[in-house]
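Here's the structure we're looking at; comments come further down.
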Amino acid sequence: AQSVAQPEDQVNVAEGNPLTVKCTYSVSGNPYLFWYVQYPNRGLQFLLKYITGDNLVKGSYGFEAEFNKSQTSFHLKKPSALVSDSALYFCAVRDGSDSWGKLQFGAGTQVVVTP
Amino acid sequence: EAQVTQNPRYLITVTGKKLTVTCSQNMNHEYMSWYRQDPGLGLRQIYYSMNVEVTDKGDVPEGYKVSRKEKRNFPLILESPSPNQTSLYFCASSVQGPNQPQHFGDGTRLSIL
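Protein chains in written order, with our numbering: chain W, 5 to 119; chain Z, 2 to 114.
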């Protein structure tokens, strides 16, 4: 079984400051990790993924995430936050050794960026 | 435009009245899935389908049915809805493979009175 923990219900940051959204995971096989963003009244949009290779993954809208195997973490980062980054962010994990493995989501972190 | 389309977007109904939420994708994806989103719980998988006529239960299948007669469509059926099925529902699709991101519809907000 796999699980995802997003320890912060909400992250508040001022525009222009760095943004970090935390995620830790547990999976028995190889971790395939994903970040999604949800804007109000919309579905989830894919931001980035880690499958293998470089631990620093770059994605859409200036976001990046760092995979840390020893700490089983996959934190989402953005060097300079924008007000338009205010949204709900979900981390998700899949067992890479299972072709039809379930995508397990965290509870989500609300990001609020103030002007 | 590549998209996953859900209908209706909003529905208020009463306990016991059968309803169907439709989901259609135009990307020729093999994999489709239904999730429900509840505050503090994230997204939980209801059912998924690996291809036409192949479906399986997710984490919270009780009270729901699905079918996959065509590749593009994956309707969610609530035979006898109850108030605990009041939630925000999402359909998603992807190509086959655990490394593939899923594409989500815009959601259906169901209220069961």
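Glycine included, C-beta positions come from ideal geometry on N, C-alpha and C.
Could you pull the DSSP bridge partners for residue i from this structure?
{"i": "Met33 (chain Z)", "result": "Z:Ser50, Z:Ser94"}
{"i": "Lys66 (chain Z)", "result": "Z:Ile78"}
{"i": "Thr23 (chain Z)", "result": "Z:Asn8"}
{"i": "Val114 (chain W)", "result": "This sequence places Gln at residue 114 (chain W); Val is not what is there. DSSP lists W:Gln14, W:Leu92 as partners of Gln114 (chain W)."}
{"i": "Glu68 (chain W)", "result": "W:Lys62, W:Lys81"}
{"i": "Ile55 (chain W)", "result": "In the DSSP output, where bridge partners are listed per residue, Ile55 (chain W) has none listed."}
{"i": "Lys18 (chain Z)", "result": "Answer by DSSP bridge pairing: none, since Lys18 (chain Z) is not bridged."}
{"i": "Arg45 (chain Z)", "result": "Z:Arg37"}
{"i": "Tyr43 (chain W)", "result": "Partner(s): none; Tyr43 (chain W) has no beta bridge."}
{"i": "Gln49 (chain W)", "result": "W:Val41"}
{"i": "Ser109 (chain Z)", "result": "Here residue 109 (chain Z) turns out to be Thr, not Ser, going by the sequence shown. Looking at the DSSP assignment, Thr109 (chain Z) forms a beta bridge with Z:Tyr90."}
{"i": "Arg98 (chain W)", "result": "W:Tyr36"}
{"i": "Val25 (chain W)", "result": "W:Leu80"}
{"i": "Ala9 (chain W)", "result": "W:Thr28"}
{"i": "Asp57 (chain Z)", "result": "Z:Tyr49"}
{"i": "Gln108 (chain W)", "result": "W:Val97"}
Would a check of beta-carbon distances place residue i closer than 9 angstroms to chain Z?
{"i": "Ser30 (chain W)", "result": "no"}
{"i": "Ser103 (chain W)", "result": "yes"}
{"i": "Asp89 (chain W)", "result": "no"}
{"i": "Ala111 (chain W)", "result": "yes"}
{"i": "Lys106 (chain W)", "result": "yes"}
{"i": "Val8 (chain W)", "result": "yes"}
At the 9 angstroms Cβ level, is residue i part of the contact set with chain W, yes or no?
{"i": "Gln86 (chain Z)", "result": "no"}
{"i": "Phe91 (chain Z)", "result": "yes"}
{"i": "Arg37 (chain Z)", "result": "no"}
{"i": "Ser34 (chain Z)", "result": "yes"}
{"i": "Tyr49 (chain Z)", "result": "yes"}
{"i": "Leu44 (chain Z)", "result": "yes"}
{"i": "Gln97 (chain Z)", "result": "yes"}
{"i": "Val5 (chain Z)", "result": "yes"}
{"i": "Gly59 (chain Z)", "result": "yes"}
Might you give, ordered along the chain, the residues of its own chain that have their beta carbon closer than 8 angstroms to the beta carbon of residue i, omitting 5 neighbours on each side?
{"i": "Gln46 (chain Z)", "result": "Ser34, Trp35, Tyr36, Gly59, Asp60, Val61"}
{"i": "Asn21 (chain W)", "result": "Ser84, Ala85"}
{"i": "Tyr84 (chain Z)", "result": "What sits at residue 84 (chain Z) in the sequence shown is Pro, not Tyr. So the list reads Thr16, Ile113, Leu114, once near-sequence residues are dropped."}
{"i": "Thr21 (chain Z)", "result": "Pro76, Leu77, Ile78, Leu79"}
{"i": "Glu71 (chain Z)", "result": "Val53"}
{"i": "Asp39 (chain Z)", "result": "Arg45, Ser88, Leu89"}
{"i": "Glu12 (chain W)", "result": "Val25, Lys26, Thr113"}
Skipping 5 residues on each side, what residues in its chain have a beta carbon closer than 7 angstroms to that of residue i?
{"i": "Met80 (chain Z)", "result": "In the sequence on display, residue 80 (chain Z) carries Glu and not Met. The residues are Lys19, Lys66."}
{"i": "Leu60 (chain W)", "result": "Glu68, Glu70"}
{"i": "Ser68 (chain Z)", "result": "Pro76"}
Going along the chain, which residues of its own chain have a beta-carbon closer than 6 angstroms to the beta-carbon of residue i, five neighbours each way excluded?
{"i": "Asn8 (chain Z)", "result": "Thr23"}
{"i": "Ser64 (chain W)", "result": "Leu51"}
{"i": "Ile13 (chain Z)", "result": "Ser112"}
Where the segment 47–79 of chain W meets chain Z: residues whose CB sits under 8 angstroms from a CB there: Gly47, Leu48, Gln49, Phe50, Lys53, Ile55
When you check each C-beta in the segment 99–113 of chain Z against every C-beta of chain W, which residues fall closer than 7 angstroms? Pro99, Asn100, Pro102, Gln103, Phe105, Gly106, Asp107, Gly108
Contact between the segment 105–119 of chain W and the segment 52–60 of chain W is defined here as three or more beta-carbon pairs at a separation below 8 angstroms; is this criterion met? no
Name, going along the chain, the residues of the segment 13–42 of chain W whose beta-carbon falls closer than 7 angstroms to a beta-carbon of chain Z. Tyr36, Phe38
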